[in-house]
Amino acid sequence: MPKLTLRVNRETHAIECAANALLVEVLRDTLHLTGTHVGCDTSQCGACTVHVDGRSVKACTMLAAEAEGSAITTIEGIANGDTLHPMQAAFQEHHGLQCGFCTPGMVMSAIDLCARKPAPTERDVRTWLEGNLCRCTGYHNIVKSVIAGAEVMQKAGKP
Amino acid sequence: MTVQGVGASPKRKEDRRFLLGKGRYTDDIVLQDQAHAVFIRAPYAHAAIAKLDASAARAMPGVLAVLTGDDVTAAGLGGIPCGWLVKSKDGSNMVEPPHPALAIGVVRHVGDPVAMVIATSRAAAKAAAGAVEVDYDVKPAAGRIAEATAANPPLVWDQAPGNICFDWHIGDAANVDAAFAKAAHTVELELTNSRVAPNAMEPRAANGFYDAASDHYTLYTTSQNPHLTRLLLAAFTLHVPEHKLRVVAPDVGGGFGSKIFHYAEELMVLVASKRVGKPVKWTSDRMEAFVSDAHGRDHVSKAQLALDANGKFLGLRVQTLANLGAYLSTFASAVPTYLYGTLLSGPYDLPAIYAEVKGVFTNTVAVDAYRGAGRPEASYLLERLVSKAARQLRIDPIELRRKNLIPADKFPYQTQVALAYDTGNFQATLDMALERIDYKHYADRKAASAKRGKLRGLGISTYIEACGLAPSALAGALGARAGLYEAANIRIHPTGSVSVFTGTHSHGQGHETTFAQLISGRLGIPIENVEVVHGDTDRIPFGMGTYGSRSAAVGGSAIVKALDKIVDKGKKIAAHLLEASVADIEFADGLYRVAGTDRVKAFGEVAFAAYVPHNYPLETLEPGLEESAFYDPKNFTFPGGTHLVEVEVDPETGVVEIVDVASADDVGVIINPMIVDGQAHGGLAQGIGQALLEEAVYDGDGQLANDSFLTYTMPRAADLPMFKVGNHVTACTHNPLGVKGVGETGAIGVPPAVINAVLDALAPLGVTDISMPATPEKVWRAIQAAAGKQA
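Protein chains in written order, with the working numbering: chain A, 1038 to 1196; chain B, 11 to 801.
Right, dumping it as structure tokens:
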């Protein structure tokens, strides 16, 4: 099997995987970073959203081999020790999650939105989350969470 | 560290692990020496298996076994049972066809599992699945209710002539005939309740492990009710006693009904593990989910409403054909009968009702409970019919409802379809919803929309539903094959922290927080010191699980009963410590007090004394502080309310925009307002999804046309507005918490409000009917057809 080096959550991993292995498969099955979820087979649901060089990417749309040389961040890599990332904290504060399955993808996607648009409107958030499905919340509290998280991130000067 | 009881909105205890990516869902669990399984599924809706040759596949690298229907027969596995026996009008039992875990000789729907391939990796299993040769002799199929009930239809089962599983009825036909005979007005409606796929975001998964050393099975599964799954495995399918079987439902990513049922894959991973000597995991992919998870709804109905000259309802007559799919899933027969026909009085004073329901087999995946389960079908029929009556009689739809809602002083109210509503106030929720949507200024908004070339419509739905199905004895008399109580165990630890073991299961509902509030508030201890344990048959004594919005009403009540026992035992201990009589001991705010004095013992001191009984009445009282309770409800609970929807329709494109949604629900006493609002939002989104976007479309031959998120339109953030949700509380009169249930209100109340709004908007164009989902194409065509008629 081909060997490659992946940099994930600031750690470097030398791994072996099939040449056609998707990034999400390597994250989950090889690195046991199971916070990145798989909810569909057609790149629609966004539960597998991670950051590749700071930009949100559905990890099911990319071969692991393509990610070599990039900095990958998963949901496990955004908190600061015991302190939640402001976007994670906002989701808890505003009840932006229920079953938790779509949540990692939502949070990763929302953080990228804030990097591009530090003060998103409700419409911005709803449009941006086009690629992230949630079946529990009706999106109401997710939208509130993202707007609130964006405010905290902006104040903290945190991308 | 704070006490947070009923009525507080502490942030959820479970959130942190989910937010950190540390949730533990079934597919996240990897056991030592883990093997993987994939299922080969029928590509045809109805076919004989002419040839099944797995020899090439068995020889492929990594393949451990290939199991087929022959193995199911040889192993003596039981068929997957239906949990509710429905009897037809003539007293005969419903037709209960066999449901083998893997097809034996014949496949009856697209997705019917034919063989199971087990290999050392998922990739190897998938590769080998492609090498299994299956030849089919395709037979004619009944893909929809229309084909299944046509003259001389293809038969799904030879033993079910006309594809009829049961021909059930409820109510009094003669009374209804009399009501129609004296009616001043009669309103008729034919309608379909569209078929939808539940699509919890986490696909189903199962990981089975057989330990030969102890002759013991463990199943990790995406279940809403692990004890029920264990019961069905033990008694019906695997034939292994409960003490040899542990079922764990760890974190579960949404259920909405689809994870209630005992599925073939749960049985087969256990069988396969014993066969190959390794744990065997299967995880559904999404396309597989579309053809193997039970779907919801799928009714075709005719309804007639009789009214007097003043618009007072006199009688209701309903005939419904309910699609059951090819096999009877766990609650498939109960949903369109006892959870549908019994709800046809709605929130109305309706003096005569008669409903007939035929359960219809089709060559499709099973249809069973989906968020609301029968009640959305009842509500949709009734609320469409009432709004049609308002148009026909030229009465304001709000006023027609006011005229017929059960008055608040008429509770308890006995309906004509078996249910007795204990409490409610439908006028209050109607007023609240009208205020929330600013009904006073609706005409201004409609005029403003018109100026922009848009048609604005207001839709209303006043609904009732029934939660916490009960009592067990009544359910049993009506055909239920299980009890419907709930169990709780409360363990006070020596230093005063608490573990609560509940038989309900949380897969998004937030029980780890709401149930902790019950303990925190009652015992006066910080919520941080309470742990709620669920989802593991080895840790929890028993339980019936979570569905039908039963967890707070039934599971919460069991916790309260166990708490009563804890508090009472604590009084005896406190009386001893305080050298007072038990009758003089009061308990409040975490303190046992000799009434009228300042002599107190904190709950923690009492708990400690129970475990370190140096100064303790050992002659009369056992040490320790742990209590269990089973609670069997006296009645259903009856949440209800009003949902109002405003839409704008673009007459050029047919696009319907949801502009505003206001719901006013009465879900009884609210434990955690934040969580209750969240449940309301989610239900509304699913209801709006069904009304405007979603539909599982089968063709006449039983092929599912849309089996992925590319073609099945899930509601997305941009499809929905912010919701205005509110509550008016009347407490349930027969459970100790006064709670009714909130999980399903949105999905039950809102679909007819959406369609009524669309029809209200289109009424000036002459459009009188539209079916769910009201897609732009459908709306545009309806507009064109009406224009053609008027031209």
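Cβ atoms here follow ideal geometry from the backbone N, Cα and C, with glycine treated the same way.
From a predicted model like this one, the values you see are computed outputs, not experimental measurements.
Quiz prompt | Near-chain A residues of the segment 712 to 724 of chain B (beta-carbon distance less than 8 Å), N- to C-terminal order | solution = Ser718, Phe719, Leu720 and Met724
Quiz item: How would you list, in chain order, the residues of chain A whose beta-carbon sits under 9 Å from the beta-carbon of His305/B?
Solution: Indexing the second sequence from 1 puts residue 305/B at position 295. The contacting residues do not exist; His305/B stays about 15 Å from chain A at best.
Quiz item: When we look at the beta-carbon of Arg51/B and count the other beta-carbons within 10 Å, is it buried (16 or more) or exposed?
Solution: Looking up residue 51/B in the second sequence gives position 41. Classification of Arg51/B: buried, given that the 10 Å Cβ count is 16 or more.
Exercise. Using the Cα positions of Met732/B and Gly692/B, report the straight-line distance between them to the nearest angstrom.
Key: Here residue 732/B refers to the residue found at position 722 when the second sequence is read from its first residue. Here residue 692/B refers to the residue found at position 682 when the second sequence is read from its first residue. Near 12 Å, if we compare the C-alpha coordinates of Gly692/B and Met732/B.
Self-check item: Classification of Glu143/B by the beta-carbon crowding that lies within 10 angstroms, buried from 16 upward
Solution: Along the second sequence, one-based indexing puts residue 143/B at 133. Glu143/B should be labelled exposed.
Practice problem: Check each candidate in Asp406/B, Val427/B, Arg404/B and Met126/B and name the one with the smallest Cα separation from Ala388/B. | Solution: Counted from its first residue, the second sequence places residue 388/B at position 378. The option with the nearest alpha carbon to Ala388/B is Val427/B.
Practice problem: Flag Asp1078/A as yes if its beta-carbon sits less than 9 Å from any beta-carbon of chain B, otherwise no. | Solution: Against the first sequence, residue 1078/A aligns to sequence position 41. Chain B, which has a Cβ nearer than 9 Å to the Cβ of Asp1078/A, makes this yes.
Quiz item: Using a C-beta cutoff of 9 Å, does Gly33/B count as contacting chain A?
Solution: In the second sequence, counting from the first residue as 1, residue 33/B sits at position 23. Closer than 9 Å to some Cβ of chain A, the Cβ of Gly33/B qualifies, so yes.
Self-check item: Residue(s) in a DSSP beta bridge with Ser595/B
Solution: As a working note, residue 595/B is residue 585 in the second sequence. Before going further, note that residue 595/B is Ile rather than Ser in the sequence given. DSSP output for Ile595/B lists Val604/B as bridge partner(s).
Quiz item: Any idea if Asp419/B is buried or exposed, counting beta-carbon neighbours within 10 angstroms, 16 or more meaning buried?
Solution: Start at 1 with the first residue of the second sequence, and residue 419/B comes out as number 409. Exposed, since its Cβ has fewer than 16 Cβ neighbours within 10 Å.
Practice problem: Return the residues of the segment 428 to 454 of chain B that lie within a Cβ-Cβ distance of less than 9 Å from chain A, sorted by chain order. | Solution: none
Exercise. Name, going along the chain, the residues of the segment 284 to 305 of chain B whose beta-carbon falls closer than 7 Å to a beta-carbon of chain A.
Key: Asp295, Arg296 and Met297
Quiz item: Would you say Ile537/B reaches chain D, if we count a Cβ-Cβ gap shorter than 9 Å as a contact?
Solution: Judged by its chain identifiers, the structure shown contains no chain D, and its protein chains are A and B.
Quiz prompt | Min CB distance Pro1123/A to chain B below 9 Å | solution = Translated into positions along the first sequence, residue 1123/A becomes position 86. False, the Cβ-Cβ gap to chain B never drops below 9 Å.
Quiz item: Does the segment 647 to 659 of chain B come close enough to the segment 770 to 789 of chain B to have 3 or more Cβ pairs within less than 8 Å?
Solution: yes
Quiz prompt | Near-chain A residues of the segment 115 to 139 of chain B - C-beta to any C-beta below 8 Å | solution = Within the segment 115 to 139 of chain B, Ala133 place their CB atoms closer than 8 Å to a CB of chain A, listed in sequence order.
Quiz item: Which residues in the same chain as Gly520/B place their Cβ atom closer than 8 Å to its Cβ, once the five residues preceding and following it in sequence are excluded?
Solution: The residue you call residue 520/B lines up with position 510 of the second sequence. Here the set comprises Arg22, Glu24, Asn682, Ile685 and Gly688.
Quiz item: So which residues of chain B does Arg1092/A contact, with C-beta pairs closer than 8 Å?
Solution: Counted from its first residue, the first sequence places residue 1092/A at position 55. Under the 8 Å cutoff, chain B gives no residues; its nearest Cβ is about 19 Å from Arg1092/A.
Exercise. Taking only the alpha-carbon atoms, compute the straight-line gap between Asp594/B and Tyr641/B and give it to the nearest angstrom.
Key: As a working note, residue 594/B is residue 584 in the second sequence. As a working note, residue 641/B is residue 631 in the second sequence. If you take the alpha carbons of Asp594/B and Tyr641/B, they lie about 28 Å apart.
Self-check item: Of the residues Glu366/B, Tyr348/B and Ala695/B, the one placed nearest Leu484/B, counting alpha carbons only
Solution: Here the question's residue 484/B lines up with position 474 in the second sequence. Nearest C-alpha to Leu484/B: Tyr348/B.
Self-check item: Interface partners of Pro783/B on chain A, CB under 7 Å
Solution: Position 773 of the second sequence, counting from 1, holds the residue named residue 783/B. Those within 7 Å of Pro783/B in chain A number zero; the least Cβ separation is about 16 Å.
Quiz prompt | Pro260/B (DSSP reduced to helix, strand or coil) | solution = Working through the second sequence from its first residue, we reach residue 260/B at position 250. If DSSP states are grouped into helix, strand and coil, Pro260/B belongs with coil.
Practice problem: Would you please state the rounded distance, in angstroms, between the beta carbons of Val375/B and Leu334/B? I believe it to be under 8 Å. | Solution: Taking the second sequence and counting its residues from 1, one reaches residue 375/B at position 365. Taking the second sequence and counting its residues from 1, one reaches residue 334/B at position 324. That pair is no contact at about 11 Å.
Quiz prompt | Proximal residues to Val262/B (C-beta, below 6 Å), its chain only, five neighbours per side dropped | solution = The sequence position of residue 262/B within the second sequence is 252, counting from 1. Answer for Val262/B: Thr232 and His517, listed in chain order.
Exercise. Classify Cys477/B as helix, strand or coil using the three-state DSSP reduction.
Key: Numbered from 1 along the second sequence, position 467 holds the residue referred to as residue 477/B. Secondary structure of Cys477/B (DSSP, three-state): strand.
Self-check item: Coil, strand or helix - Asp419/B by DSSP
Solution: Sequence index remark: in the second sequence, residue 419/B carries index 409 (1-based). Reduced to three states, the DSSP call for Asp419/B is helix.
Self-check item: Strand pairing of Met70/B, partner residues [DSSP]
Solution: What you label residue 70/B is simply residue 60 of the second sequence in a count that begins at 1. Answer by DSSP bridge pairing: none, since Met70/B is not bridged.
Quiz item: Can you list the residues of chain A that Gly759/B reaches, using a CB-CB cut of under 8 Å?
Solution: For this step, residue 759/B is matched to residue 749 along the second sequence. Within 8 Å Cβ-Cβ: nothing; Gly759/B doesn't reach chain A, min ~14 Å.
Self-check item: Contacts of Val262/B in chain A (Cβ-Cβ under 9 Å)
Solution: Residue 262/B sits at position 252 when you count from the first residue of the second sequence. Think of a sphere of 9 Å around the beta carbon of Val262/B: the chain A residues whose beta carbon falls inside it are Cys1136 and Phe1138, in chain order.
Self-check item: Residue environment, Leu628/B, which counts as buried when at least 16 other CB atoms sit within 10 Å
Solution: Counting from 1 along the second sequence, the entry for residue 628/B is found at position 618. Under this definition Leu628/B is an exposed residue.
Quiz prompt | Partners in chain A for Leu702/B, counting only beta-carbon separations shorter than 9 Å | solution = Within the second sequence, residue 702/B is the residue found at index 692, counting from 1. Going along chain A, no residue has its Cβ under 9 Å from Leu702/B, so there is no contact; the nearest lies around 13 Å.
Quiz item: Would a check of beta-carbon distances place Asn1117/A closer than 9 Å to chain B?
Solution: In the first sequence, counting from the first residue as 1, residue 1117/A sits at position 80. Closer than 9 Å: no.
Quiz prompt | Enclosing beta strand (DSSP E) for Phe511/B [first to last residue] | solution = Within the second sequence, numbered from 1, the residue matching residue 511/B stands at position 501. Phe511/B -> beta strand (DSSP E) spans Val508 to Thr512.
Exercise. Please state if the CB of Gly555/B and the CB of Asn235/B are separated by a distance shorter than 9 Å.
Key: The residue you call residue 235/B lines up with position 225 of the second sequence. The residue you call residue 555/B lines up with position 545 of the second sequence. Yes, Cβ-Cβ distance for Asn235/B and Gly555/B is below 9 Å.
Practice problem: Compute the distance between the beta-carbons of Ala383/B and Ala674/B, then report whether it is under 9 Å. | Solution: Within the second sequence, numbered from 1, the residue matching residue 383/B stands at position 373. Within the second sequence, numbered from 1, the residue matching residue 674/B stands at position 664. No.
Quiz item: From this set, Tyr380/B, His309/B and Asp406/B, which residue's C-alpha is nearest Glu366/B's C-alpha?
Solution: Residue 366/B sits at position 356 when you count from the first residue of the second sequence. Comparing Cα positions, the closest option is His309/B.
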